[in-house]
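Which chain is which? The protein sequence lines are A and B, in order. When you read off a place in the first sequence, starting at 1, and then add 841, the result is the number in this note's numbering. When you read off a place in the second sequence, starting at 1, and then add 80, the result is the number in this note's numbering. For reference, the structure discussed in these notes is given below.
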Amino acid sequence: MATVSLSDLRRQAADPGVALAFLVALATLGVFVLYPTFRVLVYPALADYLAIPRSARWLQAARNSLVMMGLSTATATLAGLVFAFATTRPDVPGRRFFRSVALLPLFAPPFMVAFAYILMFGRQGLITRTLLGLDVNIFGWHGLWLVQTVAFFPLAMLIIIGVLEAINPSLEHAARNLGADEWTVVRTITLALARPGIAGAALVVAISVLADFGNAVVIAGGFPLLATEAWFRMEGLADLKGAALVVAMLIVPTTVLFFLERYWVSRRAYVTVTGRGSPIDHPPTHPALRWTAAAFCAAMSVLVALVYLGVIAGAFTTVWGRDWSPTLAHWRLAADRLPTLWASVRIGALAGAITGAVAVAVAFLTSRPLPLRGVLDFLAVLPGALPGVFVGVGFVLAFNRPPLELVGTVWIIALALAFWHLPMGYQAAVATLKQIERSIEEAATNLGASGLRVLWDIYLPLLRRAFAGAFVVSFIRAVTNVSIVVFLVAPGNVVATFAILNMIGNGIWGAAAALTTMLLALTLVAVWVAQVALGRAVRGLPTRGGA
Amino acid sequence: MRRVLILGVLATLVLSGAGAGVTFAQPNRIVVYSALPDLETTLVNREFTRRTGIQVEALSVAAAGTLAARIRAEKDRPRADIFVGGSADFHAPLATEGLLLAYRSPVAAEARVSPAYRDPNGFWHGWYLGALGIIINTDRWDRDMAPRRVAKPATWDDLIRPEFRGQFIMPSPMTTGGGFIFVAAQIFRLGEDRAWAWLRQLNANASQYTPTAPGTITLLARGEGIVGMQWAHEGIGARLANMQPLETLVPPDTAFEIGAVSIIKGGPNPDGARAYVDFLLTRVPQVINASYGFRYPVRGDVPVPTGATPFDQLRFVRYDRDWAIQNMSRIRERWQREIGR
C-alpha cells in the first residue's frame, strides 16, 4: 500500500464512480471506526502506557488471554469446520437439523451460555449434582474453554459454509475420476479450497475470544483476562484510563492475527466460480466420514441444547434447584419489559442493514487495485479487535458533542453495533469475492461497463448471500449485545438485554429467563422473515447451478 | 428490480430509525442515573413525580462504577441531572474531579440527619446505609458442615478457619465498593500489617472474588460456596424477596456504606435535581428503600427494615472514610501485590 503507482491512480481517475465510493467508504470508516478508537487511546498519558510492564496482574491477564485464544479458537474453528462440512453435504444425516441447532448460540446473550452451564454443570448443577452426584467446580479456564467453544463455533461455521458452498462439486468429481481416494479429495480439494474461509473463521473467532467478556465474567472465576480486566476497570473502578490501557494491550495480538491471516490466505488463488456453473450434484460422501461428522455434530448439539433447556426451564420453574414446581409468575414480570424488546429489534435491524451494506461495499472496494485499499481493509477488520466496552466508551467520547452529536439517540447504539460487527460480514464477503473469477468482470468491462455498473450487475447478485449473512449475524449479535449497550443505552431507549442483565444482577432469574425466552422467540421470527425475503437471492447463486 | 426493492426496504428501515429516541432538555423532567435496582428506582421515582409533577427518565444499572465512568465520559455535555445509589466512595472522586454540583439540602438539617452522612462541601448527600455481613448458604451448610458439627461463623476472624477452605466468596476489592470497604475495615480493625497477614489467610479459604457485588449473592445462592461476605441487606433481600437459602448476620467490627445522591454539574435541569435530592431525604423514599431494598434509612423516623438488626445496635469498627478514600488506590495496589487475584 506504500507504493502508490501512477498507473493505479490513472486507472482510478478513469473511473470516478469507484474512486468516489472509495473516498466515501474511507471517510465513513474513519469517522466510525478510527475516530472513537483514537479518542480512547489518547485518553491515558504516555507515562501511563510506560507503566504497563510494572503491573504483574496485567501481564498475567495478557498471558491468560493468549492461552484462551489458542485453546478456544482451535476447538471452535474445528467444530465450526466439521459442522460446515456436515451441513453442506446433502447425504449427511440430520444436516438441516444440525445447522439450525448450531445457529442457536448466536441468539443467546453472551453471558447466557456460561450462566446455563453453571446451572447444568456447577456444584449444584442439574447434571453434575442431581443426575451424576458429582462435586464439580466449573469456574476457571476449563469451564471458559467449554463455554467459548460452544459460543463461538457457529461464527466459524457460518464463514466456512459460505466458502464450502461456493466450491464447485465438479472439481471433486474430477479428482475422483482421476483416481483420488476419499481422504485425498477432502484434503486436497475441499479443505484446500476452504482455506481462506477457515483462516478467516479462525481470525474472527480468535478476536472474538480475546474480546469476549460476557462468558469470562460469569465463569472464569479468579482467572484474569484482558477483556474482563478492561471491563472490571470500568465497571467497578470507573477507571476509563486503566480500561483504555488494557485494551491497548489487547490490540497488539489482534494486529498480529490480522497480518497472519493476510499472509496465509493470499498464498493461493481460489477461483472456482467461473460463470459456467454446472448443475452437478455433490458426489456421495464416504460413509465413515459421513457418520463421524454426524456423531460429532450430534454431541455438540446436545451441548447447545442444554443452554436453551436451562433458560427455558428456568423461565417456568418457581425457584431453580429448590422449588421445581411450574409457574407463569415470571412471565408477568417479564411482560412489563416488552417495550425493551421492540427497541432491541429496531436497533438490531438498523445495525444489520448498516453492517451488511458497508461490509459488501468495502469488500468490493478492497478487491479493486486501488491505492490505500490496505488501509480500508485494516479499518474494516479493526473493530473486531476492540472489546465492546471499548467501542461503547469510544462512541460516547467521540459523539458527545457537535458536529456529530449522537449520544442519547438510537443511532449511536445502532452505529456502534453495526461497525463493531463489520469484520464478520466483511470477512465473509471477502471470502466470497475471492471465489469469483475476474474474467466475468473483465468481460463486462470490455463490453463498456463502468466500475459501479460492475458492482451493481455482477458483484451484487453474487454478494447477496454475503449481505444476507452479514445482516442476520449483525442483527442477532446486536439484539443480544450487552457490552456496548451498557454504555450507550439512554433513558427512553432501553433494550431487552440491558433489562435482562439488570434482572440477573438483582437476582430475579426467573423473569430474566422469561424475557430471554421472549427475545429468542422474537429474533428467531425476525431471522425467519429475513430468510424468506432474501431466500430467492440465495438460491440464485451460480454455484448451485442456477436451478 | 428485486435488488432495487430490497435496497428500498433497507433505506426505509434505516430512515425510520432517524429522530427516534432523541431526548431534549425539558423544564419539567429530570434524568436520573441510578445504581439501585429497577424496582426501588421505579417506586421512588413514581412517588417523586406524584409529589412534584416533575417527570423522571431513569436508567438503572446495578453497578455504580459503570455509571461513574459514564458521567466522566459525558463531562463535556452531561446528559443526566442525578447520580443516585452506590457508596459515597463512588461520588467523592467525581466531586474531586469537578463533575458534581454542590448543594446543601435544607431537608437534611430539618430531619436531623447526622452530618457524618453528607459531604461537608455539599457535593453528595447520604440517604441510606448498608452494613457488611456474613452470608451462609443454609442448604450446603446443612449438608456439608452441620454433620461435622462445625460452628457457624459469627466474627470476621471465624472466616479464616480451615473448615472453610475453598468455600468462601466475596466481591473483589479491586472492582467493588463493598469489597474495598471490607479490606479497609480489616486495616482499621487490625492495623495495616496485621491486616494484610490476615487477608492472606482469608485468601487461602477464598474460592473466588466476584467482579460485581451481586455476583457474590448469585454464587452463594447457587451453592458454589458456603460462606460469603457481602452487604447484609443483599443477603436478607435474596432470602425474603427471592426465596434463596441464605442466612445473614452482621459480625462485630463491621463497616458501613453511605448510599449517596449527587447532582451532576451542567445537567439539563439543576432545579429539578435539587428537588430530587430534597425528596430523597424525606420519609417516603426511605421507607420504600427500606421495605423493598432492605437498606437502612438515614432518618430516625423510618422503621428498621424487616429482618435487620437496628443500625444503632450494630458494632462498627472505627472507620475513617476520608483516609480510606484517599488511600484507595494504594490499598488496591497492595491487594494486587499481596493477594494477586
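Note that the Cβ used here is the ideal one computed from N, Cα and C, for glycine as well.
Any chain B beta carbon closer than 8 Å to residue i
| i | result |
| --- | --- |
| A902(A) | no |
| I959(A) | yes |
| L1274(A) | no |
| T1069(A) | yes |
| V1368(A) | no |
| L1081(A) | yes |
| S1107(A) | At S1107(A), the pLDDT of 47 sits below 50, so the modelled position is not reliable and the matter cannot be decided from this model. |
| V1237(A) | yes |
| F980(A) | yes |
| V1058(A) | yes |
| V1248(A) | yes |
| V1045(A) | no |
| N1009(A) | no |
| G858(A) | no |
| N1322(A) | no |
| V908(A) | no |
| G1116(A) | Its pLDDT being 43, under 50, G1116(A) is placed unreliably in this model, and the value from its coordinates should be taken loosely. Taking Cβ atoms only, chain B never reaches closer than 8 Å to G1116(A), which makes this a no. |
| N1343(A) | yes |
Residues bridged to residue i [DSSP beta-bridge criterion]
| i | result |
| --- | --- |
| M309(B) | I214(B) |
| M910(A) | For M910(A), which the question treats as bridged, DSSP gives no partner whatsoever. |
| D1164(A) | V1160(A) |
| V112(B) | A138(B) and I162(B) |
| E1278(A) | According to DSSP, E1278(A) bridges with nothing at all. |
| W1183(A) | The partner list for W1183(A) (beta bridge, DSSP) is empty, contrary to what the question assumes. |
| H205(B) | R198(B) and V341(B) |
| Q288(B) | I249(B) |
| G227(B) | Going by the sequence as given, residue 227(B) is Pro instead of Gly. Per DSSP, none; premise fails for P227(B). |
| E327(B) | I216(B) |
Within chain B, partners of residue i - CB distance below 8 Å
| i | result |
| --- | --- |
| F1240(A) | Per Cβ cutoff of 8 Å: no residues; F1240(A) is ~10 Å from chain B at best. |
| V1232(A) | Ordered by position in chain B, no residue passes the 8 Å Cβ test against V1232(A), which lies about 13 Å from the chain. |
| I1349(A) | N322 |
CB contact below 8 Å: residue i versus chain A
| i | result |
| --- | --- |
| E154(B) | yes |
| G101(B) | Bear in mind that the predicted position of G101(B) carries a pLDDT of just 41, short of 50, making it too unreliable to give a figure here. |
| T389(B) | no |
| P291(B) | yes |
| D351(B) | no |
| A175(B) | no |
| A142(B) | yes |
Chain B contact residues for residue i, given Cβ-Cβ distances below 9 Å
| i | result |
| --- | --- |
| P1332(A) | T103, V111, V112, Y113, V136, E137, A138, L139, R159 and A160 |
| N1018(A) | Per Cβ cutoff of 9 Å: no residues; N1018(A) is ~38 Å from chain B at best. |
Amino acids of chain B, ordered along the chain, whose beta-carbon sits closer than 7 Å to that of residue i
| i | result |
| --- | --- |
| R1173(A) | What R1173(A) touches in chain B: nothing, since even the nearest Cβ is about 14 Å away. |
| R1131(A) | Under the 7 Å cutoff, chain B gives no residues; its nearest Cβ is about 36 Å from R1131(A). |
| G963(A) | R302 and E304 |
| V1160(A) | M323 |
Environment of residue i [buried if 16+ CB atoms lie within 10 Å]
| i | result |
| --- | --- |
| L1217(A) | buried |
| S140(B) | buried |
| H983(A) | exposed |
| S1280(A) | exposed |
| N1018(A) | exposed |
| W1261(A) | buried |
| N108(B) | exposed |
| A1110(A) | Summary for A1110(A): the model assigns pLDDT 44, below 50, so the residue's position carries little reliability; its value from the coordinates is reported in the next sentence. The residue in question, A1110(A), is exposed, as its Cβ has fewer than 16 Cβ neighbours within 10 Å. |
| F938(A) | exposed |
| S1185(A) | buried |
| P200(B) | exposed |
Whole-angstrom C-beta distance between residue j and residue i, which should lie under 8 Å
| i | j | result |
| --- | --- | --- |
| G1055(A) | V1326(A) | Between V1326(A) and G1055(A) the Cβ distance is about 11 Å, and since that is not below 8 Å, they are no contact. |
| A955(A) | V988(A) | 5 Å |
| V1203(A) | Y1267(A) | 6 Å |
| V881(A) | V1088(A) | 7 Å |
| N1241(A) | V1230(A) | Between V1230(A) and N1241(A) the Cβ distance is about 16 Å, and since that is not below 8 Å, they are no contact. |
| P950(A) | T1338(A) | 5 Å |
| L361(B) | H205(B) | 6 Å |
Residue i: contacting residues in chain A (beta-carbon distance under 9 Å)
| i | result |
| --- | --- |
| T334(B) | Ordered by position in chain A, no residue passes the 9 Å Cβ test against T334(B), which lies about 21 Å from the chain. |
| R319(B) | Ordered by position in chain A, no residue passes the 9 Å Cβ test against R319(B), which lies about 10 Å from the chain. |
Cross-chain neighbours of residue i in chain A, by beta carbon under 7 Å
| i | result |
| --- | --- |
| G315(B) | Near G315(B) there are no residues of chain A at all, since even the closest Cβ is about 11 Å away, more than 7 Å. |
| G346(B) | The premise fails here: G346(B) is roughly 12 Å from chain A at the closest Cβ pair, so nothing lies under 7 Å. |
| D169(B) | Chain A residues near D169(B): none, gap ~10 Å exceeds 7 Å. |
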